[in-house]
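Engineer:
2 protein chains.
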Amino acid sequence: MSQPPTDIEALIALMARLPGLGPRSARRAVLHLIRKRGQVMLPLATAMAEVARSVQECGRCGNLSSTPLCPICTDPRREGAEICVVEDIADLWAMERGGSFRGRYHVLGGTLSALDAVGPEDLRIPALVGRINDEGVSEVILALNATVDGQTTAHYIQDALALTGVRISALAQGVPMGGELDFLDDGTISAALKARKIIPGA
Amino acid sequence: MSQPPTDIEALIALMARLPGLGPRSARRAVLHLIRKRGQVMLPLATAMAEVARSVQECGRCGNLSSTPLCPICTDPRREGAEICVVEDIADLWAMERGGSFRGRYHVLGGTLSALDAVGPEDLRIPALVGRINDEGVSEVILALNATVDGQTTAHYIQDALALTGVRISALAQGVPMGGELDFLDDGTISAALKARKIIPGA
């Protein structure tokens, strides 16, 4: 069959490789783009080519940046003595949306995994150890996911940093905002109970 | 907050305007693209710009094409005496995937709608009437969606073509392939019963 035309077919095939889009939704997306050629399709193509050309990893923290060092690493108002360790860029963005962390980051780029042969060097852990010494860091905040892989990696980092003497902390575990006990897993409830806080004056 | 960088932020905002992607999945898609800059992101940007530049509507049937007349309209092996009327390009592609229609198409570009002020001229219905006379068409197959709007439009087209004397047909209604009666709506079951076929020799 000759439909859709080859170039559109190729575009659909590329779109279908995006996470969250299958062949069907890629077709819908491409038809939508074609309908909005001027307002969406051309700007999107330009923005994509532009980002592909300019984006690079920050040489210090691993954040995405259009400059050799990212805006967070070069911002003098950010607290250099605190480093927040995250698994990937999406987690860094999530922390920034939270808006209350004023230190700097270290993006691991994944978690340790024997199965996928991901070792400490792949995760920029030696670079983290180097930063502790070079930048006068006083606290490392581990903001890794509360998954088995995340926690394994957190333990590994604790060991790797033991000799530096830096203070190490981790995000608190507990009931999330708006969380209903009935819908929470048992592990979260246990953790929240163990970490319960005395209400002063009560 | 300064994250993600402005150009990536702009790209995420554009991606989030695609149907089927929200802000969260647009972020995931963009991070995926950045990770696969060479294999996916640049080819996608190029394909998109290329399609945006080259794609146009076939002057006869309304199909997408990179030439003034689309490959189906210019293919001498396609039966010019049969025109299949569809609502939009996605429906044309669906018919072509079916693979058994050997005639040509007429893409309406929507359905009649008083609410959205879509009239017969917006749907290329006058162009359809013109084609009946010009191209020696003997049968018009209405392949409109089995929705209220689709069926209203089908009735309007029947009226508009009445004077031409052309034969008009519509896709059969009934139980879809693999359909289970228990999961079908009552309308489909009634339609399938009304259109039941005698099994010869039984």
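So the protein lines, in turn, are chains S and P. The numbering of the first sequence is full-length UniProt numbering, which starts it at 1 and goes up by one. The numbering of the second sequence is full-length UniProt numbering, which starts it at 1 and goes up by one. We put the CB at the ideal spot given by N, CA and C, even for glycine.
Along the stretch 79-92 of chain P, what residues have a CB closer than 8 Å to any CB found in chain S?
Structural biologist: Those would be D88, I89, A90, L92, in chain order.
Engineer: Could you work out which residue in G22(S), K197(S), S138(S), A172(S) is closest to E162(S) when comparing CA atoms only?
Structural biologist: As written in the sequence, residue 162(S) is Ala, which differs from the Glu given in the question. When each option's Cα is compared against that of A162(S), the closest is S138(S).
Engineer: Using a C-beta cutoff of 7 Å, does V55(S) count as contacting chain P?
Structural biologist: Closer than 7 Å to some Cβ of chain P, the Cβ of V55(S) qualifies, so yes.
Engineer: In chain P, which residues lie less than 8 Å from G165(S) when you measure between Cβ atoms?
Structural biologist: The premise fails here: G165(S) is roughly 30 Å from chain P at the closest Cβ pair, so nothing lies under 8 Å.
Engineer: For C70(S), which of helix, strand or coil comes out of DSSP?
Structural biologist: The answer is coil: DSSP assigns C70(S) none of H, G, I, E or B.
Engineer: Cutting at 6 Å between CB atoms, please list the residues of its own chain near V175(P), excluding the five before and the five after it.
Structural biologist: Within the same chain, V175(P) has close Cβ partners A192.
Engineer: Cβ of E50(S) less than 7 Å from any chain P Cβ?
Structural biologist: Yes, E50(S) counts as interfacial toward chain P.
Engineer: Grab me the residues of A172(S)'s own chain with a C-beta within less than 6 Å of its C-beta, minus the 5 sequence neighbours each way, in chain order.
Structural biologist: Cβ neighbours of A172(S) beyond the five flanking positions: none.
Engineer: Examine chain S for any beta-carbon lying closer than 7 Å to the beta-carbon of V40(P), and answer yes or no.
Structural biologist: Closer than 7 Å to some Cβ of chain S, the Cβ of V40(P) qualifies, so yes.
Engineer: Is the beta carbon of A16(P) closer than 7 Å to that of P23(P)?
Structural biologist: Yes, the pair counts as a contact, with Cβ atoms nearer than the cut-off.
Engineer: Using 8 Å as the cut-off, can you tell me whether the stretch 69-84 of chain S makes contact with the stretch 35-51 of chain S, which would need three or more C-beta pairs spanning the two stretches below that distance?
Structural biologist: No, the stretch 69-84 of chain S is not in contact with the stretch 35-51 of chain S.
Engineer: What residue from V118(S), R78(S), V86(S) has the CA that sits closest to L128(S)'s CA?
Structural biologist: For L128(S), the nearest C-alpha among the options comes from V86(S).
Engineer: What are the boundary residues of the alpha helix (DSSP H) that G103(S) is part of?
Structural biologist: Segment 103-107 is the beta strand (DSSP E) holding G103(S); no alpha helix (DSSP H) there.
Engineer: Here's a check: name, in chain order, each residue in its chain whose Cβ is nearer than 6 Å to the Cβ of M41(P), leaving out the five neighbours to either side.
Structural biologist: Here the set comprises L33.
Engineer: With DSSP as the reference, identify every bridge partner of C84(P), one or two as the case may be.
Structural biologist: Answer is Y105(P), I141(P).
Engineer: Write down the C-beta distance between D88(S) and G109(S) rounded to the nearest angstrom, noting that I regard them as a contact closer than 8 Å.
Structural biologist: Indeed they touch by this definition, with Cβ atoms about 6 Å apart.
Engineer: Quick check on DSSP: helix, strand or coil for R27(P)?
Structural biologist: Three-state result, R27(P): helix.
Engineer: For the stretch 137-151 of chain P, which residues have a beta carbon sitting closer than 8 Å to at least one beta carbon of chain S?
Structural biologist: If the cut-off is 8 Å between Cβ atoms, the stretch 137-151 of chain P has nothing near chain S.
Engineer: Along the chain, where does the beta strand (DSSP E) containing I199(P) start, and where does it finish?
Structural biologist: Run containing I199(P): none; DSSP gives neither H nor E here.
Engineer: In its own chain, which residues sit with a C-beta less than 7 Å from the C-beta of L184(S), not counting the 5 before and 5 after it?
Structural biologist: V175, listed in sequence order.
Engineer: Within the present structure, is the beta-carbon of S25(P) separated from the nearest heavy atom of the ligand COA by less than 6 Å?
Structural biologist: Ligands in the displayed structure: none, and consequently the ligand COA is not present.
Engineer: Which residue wins for smallest C-alpha separation from P19(S), given the options Q158(P), R27(P), P4(P)?
Structural biologist: Of the listed residues, the one whose Cα sits closest to P19(S) is R27(P).
Engineer: Are L100(S) and I141(S) touching if we call contact CB-CB under 7 Å?
Structural biologist: First, the residue type needs correcting, since residue 100(S) is Ser and not Leu in the sequence shown. No, the pair does not count as a contact, with Cβ atoms beyond the cut-off.
Engineer: Just curious, the alpha helix (DSSP H) that A45(S) is in, first and last residue?
Structural biologist: Its alpha helix (DSSP H) spans residues 42-54.
Engineer: At the level of alpha carbons, what is the spacing between C84(S) and N145(S)?
Structural biologist: Distance between the alpha carbons of C84(S) and N145(S): 13 Å.
Engineer: Within 10 Å of its beta-carbon, does G119(S) have 16 or more other beta-carbons around it, so buried, or fewer, so exposed?
Structural biologist: By the neighbour-count rule (16 or more Cβ atoms within 10 Å), G119(S) is not buried but exposed.
Engineer: Using the Cα positions of M1(S) and D7(P), report the straight-line distance between them to the nearest angstrom.
Structural biologist: Since pLDDT at M1(S) reaches only 45, below the 50 mark, its modelled position is unreliable, and the value read off the structure follows with that caveat. Roughly 39 Å between the two C-alpha positions.
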